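Notes follow once the structure below has been shown.
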Amino acid sequence: STQIQLASRPRGWPTHENFRTVSVELPELSDGEIRVANEFISVDPYMRGRMNEGRSYIPPFELDETMTGGAVGRVVESLSEDHPVGAVVLHDQGWRDIAQGPARQFRVVAELEGVPNSAHLGILGTTGLTAYVGLMHIAKFRSGDSVFVSGAAGSVGSAVGQIARLGGASKVIGSAGSADKVATAVERYGFDAALNYREGPVRKLLREYFGDQDGEGIDVYFDNVGGDHLEAALDLMNDEGRIANCGAISSYNATERTPGPDNLWLMITRRLTMQGFTINKQMGHYNEFITKVGPWVASGELVFDETVVEGIDNTVDAFLALMKGANVGKMVVKV
Ligand code: NDP
């Protein structure tokens, strides 16, 4: 099996030097085990955090061990009745072409007509769930709310914008890093408008869409970026507004600490709620999510995009490109 390992821990932006590709001889299957040919491998921003040492909500990747992460594949050999050859399974042994182990580590998923199996890594999987839970349960979105979403052309952000619109938001504004992404957010994901944060300070650009007065501002900010975006959103929050702290990708590769928001005091005067969440502690909402969002995906009311990079040898490139913004929608590797 071809596998990609963590060779060293990066400081700042990761490079190819931090990874190593190895060929591993796999043992015969034991009773209850299965072997899976991976079809799609997920690369995600949270993996950057796991390349660092230190305390976090999930343990760091181990040096000289094969990386892990979401993957979908097809069972090619099975010593488990519940996981027959040919079944499609979702599991955590990404960054390799062949996965194997006890069947209980692999969840059989449905093959849906017109929906690629890779959707289980995106809209029907963790990133879709993150969008739904973050908006509905963390930010406590209600019909009529005005919403701002950063990372609007990404996997989570594109779903957040659409769920807010389908849920009756009064206004949904996004931000993204290119003119093309801004156009996609508006034309394809139905954002009312979006800003390109590379065109100026977000703090200034966002004022085109939200006013200073209570009632003209933001009720819900879904934060995928942190830093400048969080600061800009705080300026324009309505009283009793809610912020879901989902991600802070603007700082994941920073080598220096950046000064924090200079307007955190607005949390007090506007009686805001700001709550962080990690999706691994929110799995209890999965059934509600799939019941609500599954039919929107099936009917095409909620669309999703993928940026598919071909070939396991390009997994590291895909991961690095993800953090530079090369993706629209979910970034996946086709093995
Ligand atoms: P995306 O598909 O959104 O891909 C990452 C995007 O981040 C890039 O395409 C890029 O788009 C954008 N980006 C990179 N650097 C910056 C920057 N300095 N400022 C603004 N945008 C930047 O990834 P996901 O949808 O998978 O994840 C989105 C966020 O949600 C991440 O922060 C991630 O860590 C977080 N997350 C949190 C979870 C949780 O449990 N809390 C679970 C899943 C994701 P652009 O071209 O627009 O810059």
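Each residue of the sequence shown is one higher than the one before, starting from 4 at the first, in full-length UniProt numbering. Cβ atoms here follow ideal geometry from the backbone N, Cα and C, with glycine treated the same way. All values derive from a computational prediction rather than experimental measurement.
- The Cβ atoms of F280 and I126 do not sit closer than 7 Å to each other.
- Between the ligand NDP and P48, a heavy atom-to-CB distance of less than 6 Å is present.
- By the C-beta density criterion, D148 is buried, having at least 16 other C-beta atoms within 10 angstroms.
- Within the same chain, D231, E234, A235 and D238 come within 8 Å of R206 by CB-CB distance, once the 5 residues on both sides are set aside.
- Residue environment analysis places R51 among the buried positions, since at least 16 neighbouring C-beta atoms fall within 10 angstroms of its C-beta.
- M334 carries a strand assignment under DSSP once its states are collapsed to helix, strand and coil.
- Here DSSP, grouped into helix, strand and coil, assigns I37 to strand.
- From the listed residues T69, G72 and E42, the smallest Cα separation to V91 is found for E42.
- Counting along the chain, V118 sits inside no beta strand (DSSP E), nor does DSSP assign it H or E at all.
- When DSSP assignments are scanned along the stretch 161–216, the uninterrupted stretches of beta strand (DSSP E) that are 3 or more residues long and fall wholly within it turn out to be 174–179 and 196–199.
- In the DSSP annotation of this structure, the continuous segment of the alpha helix (DSSP H) that includes P298 starts and ends at Y289 to S302.
- Beta-bridge partners assigned by DSSP to S26: T5.
- When secondary structure is reduced to three states using DSSP, G244 falls in the strand class.
- The alpha-carbon separation between F144 and L124 amounts to approximately 25 Å.
- Relative to the Cα of V331, the nearest Cα in the group D100, A162 and D215 belongs to A162.
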